[in-house]
């Protein structure tokens, strides 16, 4: 999985999905990406997230948006906006409580 973070007002993390993708693959890969304790989302927000749950995207078309939630160490639930930004790739906006 390719990942990188842009540090701006709202960090954005990028991920790649396996070549055999369908909507459930995007859902699963995004959940894993958010929960990665050594990953760029944890680094961007200086938090570790658990219990990530993403809505399954309606399609695998570029521009499809979907929402995820995850919980930080203090028990606060964060909402993340995700978007399929190119074939086999997604972006995740920094989560907000």
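Numbering (this note's numbering), first residue to last: 9 to 105.
Glycine residues also receive a C-beta, built at the ideal position from the N, C-alpha and C atoms.
Helix, strand or coil at residue i according to DSSP, with G and I counted as helix
| i | result |
| --- | --- |
| residue 43 | helix |
| residue 69 | coil |
| residue 82 | coil |
| residue 36 | helix |
| residue 64 | coil |
| residue 48 | helix |
| residue 31 | helix |
Residue nearest to residue i in terms of C-alpha spacing, selected from the options
| i | options | result |
| --- | --- | --- |
| residue 55 | 94, 62, 46 | 46 |
| residue 41 | 88, 94, 105, 72 | 88 |
| residue 71 | 79, 57, 92, 32 | 92 |
| residue 105 | 95, 82, 94 | 82 |
| residue 62 | 51, 50, 76 | 76 |
| residue 106 | 44, 66, 65, 51 | The structure shown does not extend to residue 106, since the chain is modelled only from 9 through 105, so no value can be given for it. |
Straight-line Cα distance separating residue j from residue i
| i | j | result |
| --- | --- | --- |
| residue 90 | residue 84 | 19 Å |
| residue 11 | residue 48 | Only weak support exists for where residue 11 lies, its pLDDT of 35 falling under 50; the value from the coordinates is given anyway. C-alpha separation (whole angstroms): 7 Å. |
| residue 57 | residue 95 | 26 Å |
| residue 38 | residue 102 | 13 Å |
| residue 51 | residue 33 | 24 Å |
| residue 174 | residue 100 | There is simply no residue 174 to check, as the chain begins at 9 and stops at 105 in what is shown. |
Assumed close pair residue i, residue j - CB separation to whole angstroms, cut-off 8 Å
| i | j | result |
| --- | --- | --- |
| residue 68 | residue 36 | The pair is not a contact, with the Cβ atoms about 13 Å apart (cut-off 8 Å). |
| residue 80 | residue 74 | Residue 80 to residue 74, Cβ: 20 Å. No contact. |
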